[in-house]
Structure formats: structure tokens, C-alpha cells
């Protein structure tokens, strides 16, 4: 009888120990204000990694951040098949991943042409130029996808923009949208330098971007030489009073 009770008690202790060993201990602690703000607002635009919100989405799907920024198409397709990923999570993460890949290409050697290239043999110049054009085309395609996913997040989700008015995530996606457009305009100009007149429509892959002059009627009908995004421009001296005695 005593042996039976002892064996039973020993079995209970072993079972309890095995259960506890499978538990994960979660610690909660206060963090510095700058860390909180950084986690809420930092993104691929301010650091060399994705935002915390996008990283959380990838962790839910078991995917690595580097693999997703290297091959965003594959990653996005996998996210689409996961029912636990909400529409806002998918669209926002996709927008940032495509933008991250486009920014990485922008810094690559393939998307740059050295000023010494013109001194190389003609055939070698053609090879370099073809690689350069292909890189710019790939960049434009990635920026186009980033723009469309961010636009879908801002205006085509179940929640309206007014429902997220105080969400930091919405501010991030708005920045992705603006930066992707600004970058697309500059890359398009690099890709087609021979076009000295701005056309009413810009074709990037299957996408068509129309230039709307409705709010700039003074420009309607005029020939514009170049498009420049005002998103990254800084005007100084507008409030300076110049005097001449």
C-alpha cells in the first residue's frame, strides 16, 4: 500500500515536471520612452530593417525577414494563404517589403553606371547598359507594387482611414506611399532619359499612371520637360525679407 502511494506520488511529480518544462515564461517590464517610440514609428525608411509591425506579421507566418525582403513576391503569396493574417496586416507588410527591395536595388552596383563606363569598349558598354536598364525596370516594378499595396491599405480595407486616424501604422504606410511615388518618378527619369517631354501617362508594367492637371490648370497644355517629386524637396528662404537700401 505504501509502495503504491509512493509510486503514485512520484509519477505525479514527474508528470508535473514535464508539463512545466513545456511552458514559456513571459516577462513584462517597463521600457524607455525612446524605445517605445522607435518600435512604433521606425521602419525601412529610418533603419536598415523592417518595422516591428511587419516583423510581427512575418513571425506569425514563420518567415524570415531577410528572405522576404530578398524575394517579396514569394513571401506575399505565402501570407495570402494564411487565414490568421488580416487584410491590413498583409497590405501594410507587403508595401514595406516591396519598398525595402526597391531601396536595396537602388544601392546595388547594377543600378548605377560609373562615369568611366564610356571609356570601355562598345560591346562592354552595351552589356553594362542592359544590366542597368534591367535593374531600373525591376526597381520600377517593385515601387509600383509598393504603391498599390499601400494605396489598398489606405483606402480599400474593411476599416476606413478615419477609423485609424491615430494609428502610427497608418502614418507609416502613408510615408511608404509617398516615398515610393517620389522614388518611382526619379527612377523613371533615369530609365528614359531620352524623353525630354512629360507624357500624360506613365506606363510601368501593366500599370498606367495618369498625370492629372486638374489642380494645376496653369500647366495644362504646356510641355513639361521633367517630373520632380516635391516629397523630398525643402524650400528655404520663403519667409526671408530681402531689403535694398
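Numbering (mature numbering (1 follows the signal peptide of the UniProt record, and there is no 0)), first residue to last: -23 to -1, 1 to 222. Every residue, glycine too, gets a C-beta built ideally from N, C-alpha and C. Only a predicted model underlies this, so the values are computations on that prediction, with no experimental measurement involved.
Under three-state DSSP, which class holds residue i?
i	result
residue 208	coil
residue 90	coil
residue 186	strand
residue 136	coil
residue 127	helix
residue 103	helix
residue -4	Reliability of the predicted coordinates at residue -4 is poor, the pLDDT of 47 falling under 50, and the value obtained from them is presented with this limitation in mind. DSSP places residue -4 in helix when its eight states are reduced to three.
residue 202	coil
residue 26	coil
residue 98	coil
residue 84	coil
residue 36	helix
residue 157	helix
residue 5	coil
residue 191	coil
residue 115	helix
residue -12	In this predicted model, residue -12 has a pLDDT of only 49, less than 50, meaning its place in the structure is not dependable enough to derive any value.
residue 148	helix
residue 43	helix
residue 59	coil
residue 174	coil
residue -20	Because the pLDDT of residue -20 is 49, which lies under 50, any placement of that residue in the model is unreliable, and the number read from its coordinates should be weighed accordingly. In this structure, residue -20 counts as helix in the three-state DSSP scheme.
residue 222	With a pLDDT of only 48 at residue 222, under the threshold of 50, the placement of this residue in the model should not be trusted, and no figure is reported.
residue 223	With the chain covering -23 to 222 only, the question about residue 223 has no answer from this structure.
residue 19	coil
residue 48	coil
residue 109	helix
residue 169	coil
residue 163	helix
residue 197	coil
residue 31	helix
How close, in whole Å, do the beta carbons of residue i and residue j come, if the pair is a contact with beta carbons under 8 Å?
i	j	result
residue 116	residue 163	Actually they are not in contact, since the Cβ atoms of residue 116 and residue 163 sit about 10 Å apart, beyond 8 Å.
residue 226	residue 77	Outside the displayed range of the chain (-23 to 222) lies residue 226, so it cannot be described from this structure.
residue 128	residue 159	Wrong, their Cβ atoms sit about 15 Å apart, outside the cutoff.
residue 166	residue 201	Not a contact, Cβ separation roughly 12 Å.
residue 194	residue 114	In fact, because the Cβ distance is near 34 Å, the residues do not count as touching under 8 Å.
For residue i, which residues does DSSP report across the bridge?
i	result
residue 180	185
Would you kindly check if the distance between the Cβ of residue j and the Cβ of residue i is under 7 Å?
i	j	result
residue 9	residue 27	no
residue 79	residue 22	no
residue 146	residue 30	yes
residue 149	residue 20	yes
residue 52	residue 40	yes
When you measure from the CB of residue i to every non-hydrogen atom of the ligand ADP, does any distance come out below 6 Å?
i	result
residue 195	Only the bare structure without any ligand can be found here, which leaves the ligand ADP out of the picture.
### Query
When the Cβ atoms of the segment 24 to 40 are set against those of the segment 81 to 90, are three or more pairs found closer than 8 Å?
When Cβ pairs closer than 8 Å are counted between the two stretches, the segment 24 to 40 is seen not to touch the segment 81 to 90, the count staying below three.
### Task
Count the CB pairs spanning the segment 123 to 137 and the segment 149 to 156 that are closer than 8 Å, and state whether there are at least three.
They touch, by the three-pair rule.
### Query
Does the segment 128 to 139 touch the segment 65 to 75, meaning 3 or more C-beta pairs lie closer than 8 Å?
Yes, the segment 65 to 75 is in contact with the segment 128 to 139.
### Query
Contact between the segment 93 to 108 and the segment 166 to 178: three or more CB pairs below 8 Å?
With a cut-off of 8 Å on Cβ pairs, the segment 93 to 108 is not in contact with the segment 166 to 178, counting fewer than three such pairs.
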